[in-house]
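Single-structure report; data block below.
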Amino acid sequence: MNFQKPKGTPDFLPGTVEKWQYLENTARELTALYRYREVRTPIFEHTELFKRGVGETTDVVEKEMYTFADKADRSITLRPEGTAGTVRAYAENKLYADPDVTKLYYVGPMFRYEQPQAGRMRQFHQFGIEALGSSSPALDAEVIAFGYDYCRKLGLKDVRVEVNSVGTAEIRANFRAKLLAFLEPMKEELCRDCRSRMERNPLRVLDCKIDQHRFDGAPSILDELDEECRTHFEQVRGYLDAMGVPYEINPRLVRGLDYYTHTAFEYKAAGIGAIDTIGGGGRYNGLVGQIGGEEHDQPGVGMALGLERVLIILEAQGVSIPEYAPLDLYLIGLGDRAEAETVRLVHAARAAGLTAEKDYQGRKMKSAMKSADRSAAREVAILGDDELDAGVISIKTMATGEQRKLPLGDFIRMLAEEKAGRQA
RNA sequence: GCGGUCGUGGCGAAGUGGUUAACGCAUCGGUUUGUGGAUCCGACACUCGAGGGUUCAAUUCCCUUCGACCGCCCCA
Numbered sequence: 004m005n006f007q008k009p010k011g012t013p014d015f016l017p018g019t020v021e022k023w024q025y026l027e028n029t030a031r032e033l034t035a036l037y038r039y040r041e042v043r044t045p046i047f048e049h050t051e052l053f054k055r056g057v058g059e060t061t062d063v064v065e066k067e068m069y070t071f072a073d074k075a076d077r078s079i080t081l082r083p084e085g086t087a088g089t090v091r092a093y094a095e096n097k098l099y100a101d102p103d104v105t106k107l108y109y110v111g112p113m114f115r116y117e118q119p120q121a122g123r124m125r126q127f128h129q130f131g132i133e134a135l136g137s138s139s140p141a142l143d144a145e146v147i148a149f150g151y152d153y154c155r156k157l158g159l160k161d162v163r164v165e166v167n168s169v170g171t172a173e174i175r176a177n178f179r180a181k182l183l184a185f186l187e188p189m190k191e192e193l194c195r196d197c198r199s200r201m202e203r204n205p206l207r208v209l210d211c212k213i214d215q216h217r218f219d220g221a222p223s224i225l226d227e228l229d230e231e232c233r234t235h236f237e238q239v240r241g242y243l244d245a246m247g248v249p250y251e252i253n254p255r256l257v258r259g260l261d262y263y264t265h266t267a268f269e270y271k272a273a274g275i276g277a278i279d280t281i282g283g284g285g286r287y288n289g290l291v292g293q294i295g296g297e298e299h300d301q302p303g304v305g306m307a308l309g310l311e312r313v314l315i316i317l318e319a320q321g322v323s324i325p326e327y328a329p330l331d332l333y334l335i336g337l338g339d340r341a342e343a344e345t346v347r348l349v350h351a352a353r354a355a356g357l358t359a360e361k362d363y364q365g366r367k368m369k370s371a372m373k374s375a376d377r378s379a380a381r382e383v384a385i386l387g388d389d390e391l392d393a394g395v396i397s398i399k400t401m402a403t404g405e406q407r408k409l410p411l412g413d414f415i416r417m418l419a420e421e422k423a424g425r426q427a
């Protein structure tokens, strides 16, 4: 083998792509109901966009970006997530002029330079939505409900929604100070990871599996929320209740991206190995202004789901996925004259709406039948000199083994009608 | 970035420091001048991820490298 795909990168082959199509088709059906419209932004952007948008100190920016210089020495980065590019496109194309809420969705590959493991690839795929132009808590609730509905629509069971409010940047700074004050006295007793987390991302310390028992009396960010944040959060919860979306409040929920304000949430499900998050999102007021200029700032809220994680869980739960369309007709030509005729016939069959295939391996009758059987063909059409001279064609129905002769000039129309009849 | 396990034909999988690298599935051909899903017969790895080293001899020992899987960090 001369070439291998780059590490952590996928080939989706027939047999698997159908599953991806199902994930994407289901996503598109739901966006139509919710009135989100597709946006396709570049796979790569200027590095600065992600640094500013996602946050300089996040792990994504600090150590996971696929960054390179192009020929003009511009710093380019393969998108590690979808919100920054979408918000950039929104601002650059002046969609903020839209008097209504701008509702966008995207599906596509994202890139992060990481060690692959179960549910984590260097190229992975996300489906996400963004609603820009309103700070209504009703929109937060809609976005959360959307992701939940998507999982339901796919047939996923036991997806949990966790929500939290991370307030504003100032509130987080205050909370961070209080938290550090709480942690400082026990610093020496904490695990090594926790001590390093205290430096880099104190909010994450509370997630620690090892030291969990020490944090019973830890301060909660919910106690730090100001009046506006608290009201917003209460309203989001009220709307979720009204829509019947089940959720749990997790005051320790922290997201990996810096831009979240107010609402933050995650979708979780067991079954991907060490990982349980399949998606998440939140509100990001201020991000549009940061990317597109303060004068055009608009509030926004969005969510994204990791499709390979969704798929892993789908398969773990044994959810059935629609298969490749079955084969209606397999043509076998015996002898040169008949063989030439099958070329025309297979084409005509397709034009008549039949899924049709023929033998291209020059197989003999028996092998061709085997091949037809493997293809799970409903009918096999056999054309030899006998049939050709008589102006007929032999049609064998594989499931029953019954065989009949139909007029050569008419059998395609007849089979097409039979197919239509079965589907009616 | 760190750690663990692993890498033999299309797939699954045995194997040993030394003449022809088991077996199963799949595939192809035959048994049946033109008929599938069963049986039987036959064919199918100058080669054991790649590169280097040790050795009279390496798929089997050592090193390097690439990759896969799993975990840590973190996240989708």
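Take any residue in the first sequence, note its place counting from 1, add 3, and you have its number in this note's numbering.
Note that CB positions come from ideal geometry on N, CA and C, so glycine has one too.
Excluding its 5 nearest sequence neighbours in each direction, residue 225 has C-beta neighbours in its own chain below 6 Å: 254, listed in chain order. Cβ-Cβ distances below 7 Å link residue 387 to 337, 338 and 341 in the same chain, with the five nearest sequence neighbours on each side left out; the list follows chain order. Looking at the backbone, the Cα of residue 25 and that of residue 111 are separated by about 14 Å. Counting other Cβ atoms within 10 Å of its Cβ, residue 374 reaches 16 or more and is therefore classed as buried.
By the C-beta criterion, the segment 61–76 is judged not to be in contact with the segment 93–103, since fewer than 3 inter-stretch pairs fall below 8 Å. Taking all protein chains shown into account, residue 216 has fewer than 16 neighbouring C-beta atoms within 10 Å of its C-beta and is therefore exposed. Within the same chain, 46, 47, 69 and 114 come within 7 Å of residue 81 by CB-CB distance, once the 5 residues on both sides are set aside. For residue 371, DSSP records no beta bridge to any residue. Between residue 44 and residue 108 a beta carbon distance of about 12 Å is seen, past the 8 Å cut, so the two are scored as non-contacting.
Ranked by Cα distance from residue 161, the first of 248, 419 and 61 is 248.
With a cut-off of 8 Å on Cβ pairs, the segment 140–148 is not in contact with the segment 51–63, counting fewer than three such pairs. Note that the segment 10–30 touches the segment 312–330; at least 3 beta-carbon pairs, one per stretch, sit closer than 8 Å. The closest CA to that of residue 358, considering only 134, 317, 239 and 423, is found on 423. Non-local C-beta neighbours of residue 223 in its own chain, meaning closer than 6 Å and more than five positions away in sequence, comprise 254, ordered along the chain.
In the structure shown, residue 426 falls within a helical segment according to DSSP collapsed to helix, strand and coil. Between the segment 131–144 and the segment 234–246, the count of Cβ pairs shorter than 8 Å is three or higher; the stretches touch. Fully enclosed alpha helix (DSSP H) runs of no fewer than 4 residues occupy 140–157 of the segment 95–171, in order along the chain.
Assigned with DSSP and collapsed to three states, residue 363 falls in coil, not helix or strand. Counting the other CB atoms within 10 Å of its CB gives residue 60 a total below 16, which places it among the exposed residues. Scanning 228, 227, 27 and 206 for the CA closest to the CA of residue 218 turns up 206. In the DSSP secondary-structure assignment, residue 285 is bridged to 267 and 305.
Within the segment 217–274, the complete alpha helix (DSSP H) runs of at least 4 residues fall at 230–246. Residue 425 counts as exposed, since fewer than 16 other beta carbons sit within 10 angstroms of its beta carbon. Contact between residue 257 and residue 157 fails: their C-beta atoms lie close to 27 Å from each other, not under 8 Å. For the pair of segments examined, the segment 163–174 was found to touch the segment 268–278: the number of CB pairs separated by less than 8 Å reaches three. Taken in chain order, the complete beta strand (DSSP E) segments of 3 or more residues contained in the segment 379–415 are 382–386, 395–400 and 406–410. In this model, residue 95 and residue 299 are separated by some 10 Å (Cα to Cα). Here residue 299 is not bridged, per DSSP, to any residue. The C-beta distance from residue 57 to residue 262 rounds to 7 Å, short enough to meet the 8 Å contact threshold.
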